[in-house]
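Take a look at the structure below.
Residue numbers (full-length UniProt numbering): 1 to 202.
Below, the structure is given as structure tokens:
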């Protein structure tokens, strides 16, 4: 009898805690779609599910904001102006944004969570950024931690590259056959490289 009572009490406690968590989540986390107004232009309005970061939300809707660190908050390049709905600025942004810029609404898109309807401003040149699907021609090792990556861009496209411009690469997830193992190795004294290779395989 005591065992049955213990199981029932434990089950009730788990159910009560689960209900409290779900109730708190429904109050604190927005569900459904939100609207992001860009530059006060109706044709650039975005309707998207809440919960993601602003940088990823814009990217998934074909608006690619410059971000050298890929959304880690370390480069400070993904600056946008948030007029409404961005919440308070985070400590991770203050190392890249001055107090004066913060008062004007300057934020890092990778740190702003999309929780409610927003109004933002973006530079017009951002809307000219393209996304290409390229073919990898080669990816050779040139030195330690340095690779030469060659890509074939789609026919008819031209890269107007200027000093300071960046590329953001998205690599597809693939299954690499385990029968093929590649170990790029540096040129060292005779015998040392093969010894290290044999030890690593052990």
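Cβ coordinates follow ideal geometry from the N, Cα and C atoms, glycine included.
Query raised in the report: Does the segment 81-96 come close enough to the segment 56-70 to have 3 or more Cβ pairs within less than 8 angstroms?
Result: no
**Report entry** Backbone CA spacing between residue 94 and residue 13 [nearest angstrom]
**Finding:** Numbered from its first residue, the chain shown carries residue 94 at position 94. Numbered from its first residue, the chain shown carries residue 13 at position 13. Computed Cα separation, rounded: 43 angstroms.
Query raised in the report: Does the distance from the C-beta atom of residue 54 to that of residue 113 stay below 9 angstroms?
Result: Numbered from 1 along the chain shown, position 54 holds the residue referred to as residue 54. Numbered from 1 along the chain shown, position 113 holds the residue referred to as residue 113. Closer than 9 angstroms, so yes.
Requested in this report: Give every residue of the same chain whose Cβ lies closer than 8 angstroms to the Cβ of residue 128, excluding the five residues on either side of it in the sequence, and list them in chain order.
Outcome: In the chain shown, the residue the question calls residue 128 occupies position 128. Cβ within range, chain order: n/a, list empty.
Query raised in the report: Under three-state DSSP, which class holds residue 41?
Result: By one-based count along the chain shown, residue 41 stands at place 41. If DSSP states are grouped into helix, strand and coil, residue 41 belongs with the strands.
**Report entry** Cβ separation of residue 89 and residue 100, assumed to be a contact under 8 angstroms, to the nearest whole Å
**Finding:** Stepping through the chain shown from its first residue, residue 89 is reached at position 89. Stepping through the chain shown from its first residue, residue 100 is reached at position 100. Contact doesn't hold; Cβ gap of about 12 angstroms is too wide.
Report task. Examine the Cβ distances between the segment 133-152 and the segment 69-83 and report whether three or more of them are shorter than 8 angstroms. Result -> no
Report task. Ignoring anything shorter than 4 residues or poking outside the segment 84-143, list the alpha helix (DSSP H) runs there in chain order. Result -> 91-94, 99-103
Query - C-alpha gap between residue 16 and residue 5, whole angstroms - result: Position 16 of the chain shown, counted from the start, is the residue given in the question as residue 16. Position 5 of the chain shown, counted from the start, is the residue given in the question as residue 5. Rounded to the nearest angstrom, the two C-alpha atoms are 16 angstroms apart.
Query - Nearest-angstrom beta carbon gap, residue 111 and residue 81 [assumed within contact, 8 angstroms] - result: In the chain shown, residue 81 corresponds to position 81, counting from 1. In the chain shown, residue 111 corresponds to position 111, counting from 1. Between residue 111 and residue 81 the Cβ distance is about 14 angstroms, and since that is not below 8 angstroms, they are no contact.
Report task. Could you check what DSSP says for residue 65 in three-state terms: helix, strand or coil? Result -> Along the chain shown, one-based indexing puts residue 65 at 65. Three-state DSSP puts residue 65 in coil, outside helix and strand.
**Report entry** Cα-Cα separation, residue 19 to residue 11
**Finding:** As a first step, residue 19 must be located in the chain shown, where it is residue number 19. As a first step, residue 11 must be located in the chain shown, where it is residue number 11. Their backbone Cα atoms lie some 12 angstroms apart in a straight line.
Query raised in the report: Can the beta-carbon of residue 117 be found closer than 9 angstroms to that of residue 34?
Result: Position 117 of the chain shown, counted from the start, is the residue given in the question as residue 117. Position 34 of the chain shown, counted from the start, is the residue given in the question as residue 34. In contact: residue 117 and residue 34 (Cβ atoms closer than 9 angstroms).
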